[in-house]
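Chemist:
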Amino acid sequence: MSAGTHVVHADHAVGHGHGSLRSYLIGFCLSVVLTAIPFWLVMSGALDSRQATALTIMVFAAAQIVVHMIFFLHMSARSENGWTMMALIFTLVIVGITLSGSLWVMYHLNVNMMPGHGMSQMR
Amino acid sequence: MNTRITIAQDSAEVPVFYLVDEHEHAEGASTALGFWIYLMSDCLIFAVLFAIFGVLGGNYAAGPSPKDLFDLPLVAVNTSMLLLSSITYGFAMLTMEKGHIGATQIWLAVTALFGVAFVGIELSEFAHMIHEGATPQRSAFLSSFFTLVGTHGLHVTFGLVWMVTLMVQVAQHGLVEANRRRLMCLSMFWHFLDVIWIGVFTFVYLMGMLR
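Quick note, the sequences are listed as chains G and V, same order.
Heads up: the first sequence begins at 421 in my numbering, then just goes up one per residue.
Heads up: the second sequence begins at 258 in my numbering, then just goes up one per residue.
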């Protein structure tokens with residue numbers, strides 16, 4: 421966090437900016453597009469492969485979350501001297517561990533506990 | 258020890274080993290950061306609920322699957338309600354910056370109406386599902402679905418209670434510093450709920466239809 425190096429106590433009060441009309445409208449338009457495309461993809465079945473559709477809508481969701489963070493929640497590396505960004509990064513790490521860990525462990529548990537599965541090879 | 262203390266007291270200048278004058282903290286200066294950390298902890302609650310849905314979302318117990326239950330056009334309408342409420346709350350914040358009480362109240366009311374529409378549509382969807390026998394008790398998929406989507410809906414409901422409270426506060430005391438700070442916290446809360454909803458409509462509804 422390079423922003424943390426030039427900390428001045430006087431700017432404690434400078435918290436979150438509120439953005440401008442322009443930034444809210446840009447964020448809103450981007451969100452509408454990023455919401456409409458995934459819904460259209462799933463409802464029309466434009467992409468033949470399910471996996472490709474799933475992957476695409478996940479990318480759109482990630483992009484829209486970033487758009488909301490920047491244009492609506494006014495995230496930047498500088499707000500609160502970088503501490504909001506640090507809290508966000510820490511949370512994202514925990515969320516990543518929770519989600520990937522749960523899915524990974526439980527998937528393998530399901531596969532390995534499937535009745536009848538792999539019994540013939542064990543003999 | 259005693260002798261040393263008396264020596265220190267006797268000397269003209271008492272040595273002090275801590276900051277006597279803490280530097281100025283404006284009232285509420287740390288509220289935004291504190292509220293942000295609360296939102297991050299809320300984010301963890303939702304992450305766990307998403308993980309549960311990810312693990313159990315395919316366990317239908319021979320009951321209804323997402324394809325039998327979900328009505329995507331209705332979800333799209335619901336999503337647009339929440340998105341519209343986000344932009345109108347943005348307008349409320351912009352008019353608050355300019356100090357227009359009336360306009361701020363109107364935008365807050367519009368936001369609240371969109372929020373009420375969102376909760377209403379969600380409740381009617383739940384009622385329809387339960388009427389068809391798709392209750393939380395039916396399967397692990399439905400338990401995790403109602404827990405995740407219901408928790409989000411509950412957050413929106415409490416956000417609405419908060420919004421009405423703040424509208425009364427602004428009506429009584431005007432846009433004083435404390436009310437501006439509270440409106441800013443609710444703004445973060447409201448936009449945060451919209452971010453969570455992106456995850457819900459993508460992973461629960463759209464991915465559910467693809468399963």
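Just so you know, even glycine gets a beta-carbon here, dropped at the ideal spot from N, CA and C.
At a CB-CB cut-off below 7 angstroms, which residues of chain G make contact with W293(V)?
Modeler: Correct list: T504, A507.
Chemist: Using a beta-carbon distance below 8 angstroms, is T260(V) in contact with chain G?
Modeler: Note that T260(V) has pLDDT 49, beneath the 50 cutoff, so the model's placement of it is unreliable and the number below is only indicative. Taking Cβ atoms only, chain G never reaches closer than 8 angstroms to T260(V), which makes this a no.
Chemist: By how many angstroms is the C-alpha of I358(V) removed from the C-alpha of V515(G)?
Modeler: Answer to the nearest angstrom: the Cα atoms are 39 angstroms apart.
Chemist: Classify R442(G) as buried or exposed, calling it buried when 16 or more other Cβ atoms lie within 10 Å of its own Cβ.
Modeler: Per the 10 Å Cβ criterion, exposed.
Chemist: Pop quiz: G447(G) and F492(G) are said to be a contact at Cβ under 8 angstroms. What is the actual Cβ separation, rounded to whole angstroms?
Modeler: 6 angstroms between Cβ atoms; contact.
Chemist: What number of angstroms, rounded off, separates the C-alpha of G424(G) from the C-alpha of E500(G)?
Modeler: The predicted position of G424(G) is uncertain, since its pLDDT is 40 and thus under 50; no value can be drawn from it.
Chemist: A481(G): buried (16+ other C-beta within 10 angstroms of its C-beta) or exposed?
Modeler: Per the 10 Å Cβ criterion, buried.
Chemist: Would you say N532(G) reaches chain V, if we count a Cβ-Cβ gap shorter than 8 angstroms as a contact?
Modeler: It does not: the Cβ of N532(G) has no partner Cβ on chain V nearer than 8 angstroms.
Chemist: Going by C-alpha to C-alpha distance, which of E389(V), S287(V), T459(V), G416(V) sits closest to W447(V)?
Modeler: It is G416(V) whose Cα lies nearest to the Cα of W447(V).
Chemist: Could you compute how far the alpha carbon of V367(V) sits from the alpha carbon of L440(V)?
Modeler: Their backbone Cα atoms lie some 15 angstroms apart in a straight line.
Chemist: If you run the structure through DSSP and keep just helix, strand and coil, what is T455(G)?
Modeler: Three-state DSSP puts T455(G) in a helix.
Chemist: Using a Cβ cut-off of 8 angstroms (strictly closer), state whether F449(V) contacts chain G.
Modeler: For F449(V), the answer is yes, since a Cβ of chain G falls inside 8 angstroms of its Cβ.
Chemist: Roughly how many whole angstroms lie between the Cα atoms of G435(G) and L512(G)?
Modeler: Unreliable placement is indicated for G435(G), whose pLDDT of 43 sits below 50; the coordinate value is still reported in the next sentence. Whole-angstrom Cα-Cα distance: 21 angstroms.
Chemist: Quick one, which residues of the region 443–462 of chain G are near chain V if we go by CB-CB under 9 angstroms, in chain order?
Modeler: From the region 443–462 of chain G, only S443, Y444, L445, G447, F448, S451, V452, L454, T455, A456, P458, F459, L461, V462 have a Cβ closer than 9 angstroms to chain V.
Chemist: Quick one: Cα of D468(G) to Cα of L463(V), how far?
Modeler: Whole-angstrom Cα-Cα distance: 15 angstroms.
Chemist: Does the Cβ of R395(V) have 16 or more other Cβ atoms within 10 Å, making it buried, or fewer, making it exposed?
Modeler: Looking at its Cβ environment, which holds 16 or more other Cβ atoms inside 10 Å, R395(V) is buried.
Chemist: What do you get for S343(V), buried or exposed, if any count of 16 or more other CB atoms within 10 angstroms of its CB means buried?
Modeler: Result: buried.
Chemist: Would you mind sorting Q471(G) into buried or exposed? The rule is 16 or more other CB atoms within 10 Å of its CB.
Modeler: Per the 10 Å Cβ criterion, exposed.
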